[in-house]
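Chemist: Below you'll find the structure I mean.
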Amino acid sequence: MSTSTEATIRLDVASFVDEVRRHLADLSAEEREELTGGLEADLTERLEESRAAGDLHSVLGDPRRYAEELRAAAGLGSSTTSRRSRLSTTTERLRGWSSASGWPQNTIAWDFLVPLRPVWWVLRAWIAVQALDYWFGDWRHDWIPSFGGHLIGVVLLLVAIVVSVQIGRGEWWPETRSTGLPWYLLAAANVLAVVMLPVVLSDLPTSRDVRLASWWGAPVHPPTPQGVQLNGDPVRNIYAYDAEGRPLVGVQLYDQDGTPLAVASRTRWQARNYLVTYPWGLSEVSDGLMNVYPLPTREQPRRGLDTDAFTEADPPMVPAPPFVQVPAVAELPAEALEVFYAVTGTEPSAEPSEDEPDDTGPDKPRRDDTEEQDRSNRDRRTNQRDDPSDRDREQGSEGKRPDRTTSDRDGRGTGEPGD
Amino acid sequence: MDSSQLLKGVLDMAVLATLTAEDGYGYDVVRRLRDAGLDDIGDASVYGTLRRLFAAGALSSYVVPSEEGPHRKYYGVTDAGRAMLKSQRDDWHAFASTISHLLSAQEAAR
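Chains V and X, in that order, are what the protein sequence lines are.
Per this note's numbering, residue 55 is the first one in the first sequence, and the count goes up by one each step.
Per this note's numbering, residue 5 is the first one in the second sequence, and the count goes up by one each step.
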């Protein structure tokens, strides 16, 4: 036998024995040495005898099976060991790295992850089919790839899962020798799947809600935004004008259920400062009201509300209105407001009073929420009386309250017989 | 039944008997078993059996340096191994005669 053949045999035997040892990696070093010590010499002789030099695998078969047989005959084949011996080269190698890192947590984490490998097998199959759908399918991308049809995506997905799981189990892929091309191909495919995952995921939400709605029969809502919204955008301030188009100050807004129409108290970063929107009636004991408009704002270096803000040198100011004056609107017919006036007791009169209804108006019991509203009005007025500047500002403005303005206007404009 | 299934039960005995005749290394034992007619025997099964018998104290081992190539690990039978073989041999003879008797009786009845 030539020396070159001997060298080939020796190399072949060494790689085969290496692989057998790797499949016995879960055994202690002593056990492994006892099992495989002298194996090189035996196998070399075996090869020389069989004259099938060059490919030990064809003579002795799969190193994994060989290791299993060795283990079983030696009485070391427990269920856990045989299961671990089925781990691919990649898994064994990663585990080796994690234990070599010197951090026991790494090994613990790795041992935790190993049973989850089937999850990855299914996930990578899904990613692969999603990626195919991404390149070859239509523009719609979904949790179940569609490929423009209904069934083909599902079928492809199932096939891909079967293939991926079989590869994961080491069934449909050549023995993953560390030096072999199959191992590199599989490793590259796994890395590609990891890279593709965010790409595939980022493309999904475009149609996810629609599809989920059709699957589950209910749309999936995004988190409810806080505060008053207009067409999906938050409203930061509100400017009210009376029927004649004059800007109003101190308008309190409620919806049909009596819920305050408050804008979300938000702080915006603006020009190295925070633009903070302040509520009306802010004090040390009160958080104030965010449904009284227009709301004052202030640029300040700090986030959040400052209860002393209105007494400081640069108090919050109501920003200039978008319009000084808006066009007047045509008035509603008196009948349209009958119920409103009957309940609120703000019958049109020449000298309207805020708190006491006119004698001429029907003195009907008020609704609870109306009383609440009145109470908060009173509270706010009390606060304002403490601050003369506020009162001045309010008196200087046109039409302090919407109901009075309306009554004024009604009193002048319609001239009801009751007057 | 596949003869390899039958082999599993008696492999210990076969290996012990082989080594009682003369000490040997792994592949040497495989070759002698094959020469004796056990063609289906797997290399790894024999090596594993050697290891198990060694761990059980039935075999002793010693390494013989080789001038060309790796060292050889030789196995020899210990006293405990010889006792094990004797007891297994007695069991086997009793078992084999029982089965033979059973099979021949059934054949005669046919």
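Where a beta carbon is used, it is the ideal one built from N, C-alpha and C, also for glycine.
Bridge partners of methionine 371 of chain V, per DSSP?
Modeler: Answer is V:Thr351, bridged to methionine 371 of chain V.
Chemist: Under the DSSP definition of a beta bridge, which residues are partnered with tyrosine 79 of chain X?
Modeler: Paired residues: X:Gly28 and X:Ser65.
Chemist: Do the stretch 161 to 178 of chain V and the stretch 80 to 90 of chain X make contact, defined as three or more Cβ pairs closer than 8 Å?
Modeler: Contact between the stretch 161 to 178 of chain V and the stretch 80 to 90 of chain X is absent, because fewer than three Cβ pairs lie under 8 Å.
Chemist: Count the other CB atoms within 10 Å of the CB of threonine 436 of chain V; is the residue buried (16 or more) or exposed (fewer)?
Modeler: For threonine 436 of chain V, the predicted model reports a pLDDT of 44, less than 50, meaning its position is unreliable and no value from the coordinates is stated.
Chemist: I need the straight-line Cα distance from proline 314 of chain V to tyrosine 308 of chain V, nearest angstrom please.
Modeler: C-alpha separation (whole angstroms): 4 Å.
Chemist: Grouping DSSP H, G and I as helix and E and B as strand, with all else coil, what is glutamine 110 of chain X?
Modeler: Here glutamine 110 of chain X sits in helix by DSSP.
Chemist: Please report how far the alpha carbon of arginine 76 of chain X lies from the alpha carbon of leucine 167 of chain V, in whole angstroms.
Modeler: Roughly 41 Å between the two C-alpha positions.
Chemist: Along the chain, where does the beta strand (DSSP E) containing asparagine 327 of chain V start, and where does it finish?
Modeler: Residues 327 to 331.
Chemist: May I have the straight-line CA-CA distance separating threonine 398 of chain V from leucine 391 of chain V, to the nearest angstrom?
Modeler: In a straight line, the C-alpha of threonine 398 of chain V is about 11 Å away from that of leucine 391 of chain V.
Chemist: Can you name the residues of chain B whose CB is closer than 8 Å to the CB of threonine 53 of chain X?
Modeler: No chain B appears in this structure, whose protein chains are V and X.
Chemist: Suppose the cutoff is 8 Å on Cβ atoms and the five residues either side in sequence are ignored; what does the same chain contact list for leucine 210 of chain V look like?
Modeler: Closer than 8 Å at the Cβ level, and outside the excluded window around leucine 210 of chain V, lie Val183, Leu186, Pro199 and Phe201.
Chemist: Are the Cβ atoms of valine 33 of chain X and threonine 24 of chain X separated by less than 7 Å?
Modeler: In this structure, threonine 24 of chain X does not lie closer than 7 Å to valine 33 of chain X by Cβ.
Chemist: Who are the Cβ neighbours of threonine 102 of chain X in its own chain at under 6 Å, not counting the five residues just before and after it?
Modeler: Nothing meets the Cβ criterion.
Chemist: Do leucine 93 of chain V and valine 71 of chain V have their beta-carbon atoms positioned less than 7 Å apart in this structure?
Modeler: Cβ distance < 7 Å, so valine 71 of chain V and leucine 93 of chain V count as in contact.
Chemist: Is it right to say serine 256 of chain V is buried, meaning 16 or more other beta carbons lie within 10 angstroms of its own, or is it exposed?
Modeler: Classification of serine 256 of chain V: exposed, given that the 10 Å Cβ count is below 16.
Chemist: Considering glutamine 220 of chain V, what are the terminal residues of the alpha helix (DSSP H) in which it resides?
Modeler: Start and end: 205 to 222.
Chemist: Would you mind stating whether leucine 89 of chain V and arginine 35 of chain X have Cβ atoms separated by less than 7 Å?
Modeler: Cβ distance not < 7 Å, so leucine 89 of chain V and arginine 35 of chain X don't count as in contact.
Chemist: Comparing C-alpha positions only, which one of X:Tyr29, X:Arg38 and X:Arg93 sits nearest to serine 65 of chain X?
Modeler: It is X:Tyr29 whose Cα lies nearest to the Cα of serine 65 of chain X.
Chemist: Which stretch, first to last residue, makes up the alpha helix (DSSP H) that contains valine 159 of chain V?
Modeler: Reading off the sequence shown, one finds glutamine at residue 159 of chain V, where the question assumed valine. Looking at the DSSP string, the run of the alpha helix (DSSP H) that includes glutamine 159 of chain V is 158 to 167.
Chemist: On the criterion of 16 or more Cβ atoms from any shown chain inside 10 Å, does threonine 365 of chain V qualify as buried, or is it exposed?
Modeler: Classification for threonine 365 of chain V: exposed.
Chemist: From the beta carbon of aspartate 91 of chain V, is the nearest beta carbon of chain X less than 7 Å away?
Modeler: For the record, residue 91 of chain V in the displayed sequence is glycine; it is not aspartate. So yes, glycine 91 of chain V belongs to the interface.
Chemist: Taking the C-alpha atoms as reference points, what is the distance between aspartate 94 of chain X and glycine 115 of chain V?
Modeler: Cα to Cα, aspartate 94 of chain X sits roughly 36 Å from glycine 115 of chain V.
Chemist: In chain order, what residues of the same chain have a beta carbon less than 7 Å from the beta carbon of glutamine 52 of chain X, not counting five sequence neighbours either side?
Modeler: According to the sequence provided, residue 52 of chain X is glycine. The question's glutamine does not apply to it. Hits under 7 Å: none found.
Chemist: If I follow the unbroken alpha helix (DSSP H) through phenylalanine 364 of chain V, where does it start and stop?
Modeler: Element bounds for phenylalanine 364 of chain V: n/a, residue is neither H nor E.
Chemist: Where proline 370 of chain V and threonine 361 of chain V are concerned, what is the direct C-alpha to C-alpha distance, given to the nearest angstrom?
Modeler: Answer to the nearest angstrom: the Cα atoms are 11 Å apart.
Chemist: At least one CB of chain V closer than 7 Å to the CB of lysine 90 of chain X: is that the case?
Modeler: For lysine 90 of chain X, the answer is no, since every Cβ of chain V falls outside 7 Å of its Cβ.
Chemist: Can you have a look at arginine 356 of chain V and say buried or exposed, based on whether 16 or more other CB atoms are within 10 angstroms of its CB?
Modeler: By the neighbour-count rule (16 or more Cβ atoms within 10 Å), arginine 356 of chain V is not buried but exposed.
Chemist: Whose C-alpha, out of V:Gly222, V:Gly335 and V:Tyr332, is nearest the C-alpha of glutamate 241 of chain V?
Modeler: Inspection of the sequence shows that residue 241 of chain V is occupied by alanine rather than by glutamate. Nearest of V:Gly222, V:Gly335 and V:Tyr332 to alanine 241 of chain V, Cα basis: V:Gly222.
Chemist: Return helix, strand or coil for alanine 243 of chain V, following the three-state DSSP convention.
Modeler: If DSSP states are grouped into helix, strand and coil, alanine 243 of chain V belongs with the helices.
Chemist: How many whole angstroms separate the CB atoms of leucine 63 of chain X and tyrosine 79 of chain X, which I take to be in contact at a CB cut-off of 8 Å?
Modeler: Going by Cβ atoms, the distance from leucine 63 of chain X to tyrosine 79 of chain X rounds to 5 Å, so yes, they are a contact pair.
Chemist: To the nearest angstrom, how far is it from the Cα of valine 380 of chain V to the Cα of glycine 286 of chain V?
Modeler: Rounded to whole angstroms, valine 380 of chain V to glycine 286 of chain V spans 25 Å at the Cα level.
Chemist: Counting only C-beta atoms, is arginine 100 of chain V closer than 7 Å to chain X at any point?
Modeler: So yes, arginine 100 of chain V belongs to the interface.
Chemist: Measuring only the C-alpha atoms, how far is leucine 177 of chain V from phenylalanine 190 of chain V?
Modeler: Cα to Cα, leucine 177 of chain V sits roughly 20 Å from phenylalanine 190 of chain V.
Chemist: So is leucine 124 of chain V in contact with chain X if we call contact Cβ pairs under 7 Å?
Modeler: Chain X, which has a Cβ nearer than 7 Å to the Cβ of leucine 124 of chain V, makes this yes.
Chemist: Hey, how far is the Cα of leucine 57 of chain X from the Cα of aspartate 66 of chain V?
Modeler: Looking at the two C-alpha atoms, the distance is approximately 29 Å.
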